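Colleague: I am attaching a structure below and will ask some questions about it afterwards.
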Amino acid sequence: MIHFGKISEQEFLADYWQKKPLLIKQAIPNFISPVAPDELA
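Sequential numbering from 1021 applies to the sequence shown in the working numbering.
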């Protein structure tokens, strides 16, 4: 489940979805990247 921080899902969809960028830190808790950091360099 994605956490939207301080905004509601309705506000996200109305104000941000496909309209403007939004950074939500830790939106997906306990996410484990499938790509190792050394593969990105």
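Glycine is no exception: its CB is placed at the ideal position from the N, C-alpha and C atoms.
These numbers come from a predicted model, not from an experiment.
1. I need the DSSP call for residue 1061, collapsed to helix, strand or coil.
2. How close, in whole Å, do the beta carbons of residue 1036 and residue 1042 come, if the pair is a contact with beta carbons under 8 angstroms?
3. Please classify residue 1051: does DSSP put it in a helix, a strand, or coil?
Modeller: Per the coordinate set shown:
1. coil
2. 5 angstroms
3. coil
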